[in-house]
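2 protein chains.
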Amino acid sequence: MSENRWLTGDEQRAWRAYIAMEHVLGRHLHQHMQREFELSDSDFEILVTLSEADGARMRAVELGEVTQWEKSRLSHHLSRMATRGLVSREPAEGRYPSIVLTDAGRAALAACAPANAARVRELFIDVIGPGRLELLREIADDVVAAVEHHQRTNCTLRP
Amino acid sequence: MSENRWLTGDEQRAWRAYIAMEHVLGRHLHQHMQREFELSDSDFEILVTLSEADGARMRAVELGEVTQWEKSRLSHHLSRMATRGLVSREPAEGRYPSIVLTDAGRAALAACAPANAARVRELFIDVIGPGRLELLREIADDVVAAVEHHQRTNCTLRP
Numbered sequence: 009m010s011e012n013r014w015l016t017g018d019e020q021r022a023w024r025a026y027i028a029m030e031h032v033l034g035r036h037l038h039q040h041m042q043r044e045f046e047l048s049d050s051d052f053e054i055l056v057t058l059s060e061a062d063g064a065r066m067r068a069v070e071l072g073e074v075t076q077w078e079k080s081r082l083s084h085h086l087s088r089m090a091t092r093g094l095v096s097r098e099p100a101e102g103r104y105p106s107i108v109l110t111d112a113g114r115a116a117l118a119a120c121a122p123a124n125a126a127r128v129r130e131l132f133i134d135v136i137g138p139g140r141l142e143l144l145r146e147i148a149d150d151v152v153a154a155v156e157h158h159q160r161t162n163c164t165l166r167p
Numbered sequence: 009m010s011e012n013r014w015l016t017g018d019e020q021r022a023w024r025a026y027i028a029m030e031h032v033l034g035r036h037l038h039q040h041m042q043r044e045f046e047l048s049d050s051d052f053e054i055l056v057t058l059s060e061a062d063g064a065r066m067r068a069v070e071l072g073e074v075t076q077w078e079k080s081r082l083s084h085h086l087s088r089m090a091t092r093g094l095v096s097r098e099p100a101e102g103r104y105p106s107i108v109l110t111d112a113g114r115a116a117l118a119a120c121a122p123a124n125a126a127r128v129r130e131l132f133i134d135v136i137g138p139g140r141l142e143l144l145r146e147i148a149d150d151v152v153a154a155v156e157h158h159q160r161t162n163c164t165l166r167p
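Here the protein sequences line up with chains A and B, keeping their order.
Quick note on numbering: the first sequence equals residues 9 to 167 in the numbering used here.
Quick note on numbering: the second sequence equals residues 9 to 167 in the numbering used here.
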């Protein structure tokens, strides 16, 4: 393995700082949402995704494409959310039912979204400031594009 | 809930781009590590943390502080890693054993670390470039400091 595969000190500091931001901020937001609203980050991701879909409904396979969760994780999680009344399964054309956001799911999202947005503003948006925020968006878009290009062109690990 | 708690269009685009980077890059790195080296991201985090500790050993409570995992998750995960021979529990002063990196754990880390570092370089470091990387490090440090300050001063949700 050639040495230039390793990261320099500066590169490693930047990578570790990014990972620390991801862990520390994510955990803080998730803990608040769980304890104040009894929603996990997985629940929240499904609720947001459904709420933005046409008719607040999607096929499970479409939800899988958007969230990129593994099939078994998605299936188990949707069952638990259905038991709690946050989503329901409804017959649709073809073999597979649609996953539909229920009134209770919409209410749960409406209850927690403002508090979550306020925390994102206080601890991320306002800390970073408008100029750096625009640059962070460019960085993030570039990284996502690079990973997706890599997956399209030379990766055999598609789910 | 007052309107200024919500994010503007630009703010929301930046936040969503950041979340997309976190998901897309993290999933890509974790999938490769799992399929090529049979290590989950949780395994990798424990192995790296232990490898950097004095004597490659830590108390479980110290591991909990560094990783910030919940106690039950940490305990179950360490048991599974011990079964696989990646770590071992050894008697130590006081009531609690130390968690020690085994030779097999060190070998597993040594086997996957270069490939992982090469992916981080290709899809993150080189895509971002040195100037933006330094700025991203500053952003990440500022966000981590803000969350930690918030937790110290007015948060009742400490684990």
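The C-beta atom is built at its ideal place from N, Cα and C for all residues, glycine as well.
- Against chain A, a Cβ distance below 8 Å from B/Leu-144 picks out Ala-22, Ala-25, Tyr-26, Leu-144, Ile-147.
- In the structure shown, A/Ser-96 adopts extended strand secondary structure according to DSSP, grouped into three states.
- Residues of the stretch 115-141 of chain A with a Cβ closer than 7 Å to any Cβ of chain B, in chain order: Pro-122, Ala-125, Ala-126, Val-128, Arg-129, Leu-131, Phe-132, Ile-133, Val-135, Ile-136, Arg-140, Leu-141.
- Against chain A, a Cβ distance below 8 Å from B/Arg-35 picks out Gln-76.
- A residue is called buried once 16 or more other Cβ atoms fall within 10 Å of its Cβ, and A/Arg-145 is buried on that count.
- Judged by DSSP secondary structure, A/Leu-71 falls within the alpha helix (DSSP H) whose first and last residues are 68-75.
- Contact between A/Leu-47 and A/Leu-109 fails: their C-beta atoms lie close to 13 Å from each other, not under 8 Å.
- With a 10 Å radius around the Cβ and a threshold of 16 neighbouring Cβ atoms, B/Val-69 comes out exposed.
- Non-local C-beta neighbours of B/Gly-72 in its own chain, meaning closer than 7 Å and more than five positions away in sequence, comprise Lys-79, Leu-82, ordered along the chain.
- DSSP places B/Ser-106 inside the beta strand (DSSP E), whose first and last residues are 106-109.
- Identification of residues in the stretch 31-61 of chain B having a C-beta nearer than 8 Å to some C-beta of chain A yields His-31, Val-32, Leu-33, Gly-34, Arg-35, His-36, Gln-39, His-40, Arg-43, given in sequence order.
- A/His-36 counts as buried, since no fewer than 16 other beta carbons sit within 10 angstroms of its beta carbon.
- Excluding the 5 residues flanking it on each side, B/Asp-49 has same chain C-beta neighbours closer than 6 Å at His-38, in chain order.
- The continuous alpha helix (DSSP H) containing A/Leu-86 extends over residues 79-91.
- For A/Met-29, the chain B residues whose C-beta falls within less than 7 Å of its own C-beta are Ala-148, Val-151, Val-152, listed in chain order.
- Per DSSP, A/Leu-15 lies in no alpha helix (DSSP H) segment and is marked neither H nor E.
- Annotation for B/Glu-46: no alpha helix (DSSP H) segment contains it, and DSSP assigns it neither H nor E.
- Here A/Gly-113 is buried, its C-beta having at least 16 other C-beta atoms within 10 Å.
- When secondary structure is reduced to three states using DSSP, A/Arg-114 falls in the helix class.
- What B/Val-155 touches in chain A, judged by beta-carbon distance under 7 Å, is Val-32, Leu-33, His-36, Leu-131, going in chain order.
- Contacts between A/His-85 and chain B, judged by CB atoms closer than 7 Å, are missing: the closest CB pair is about 16 Å apart.
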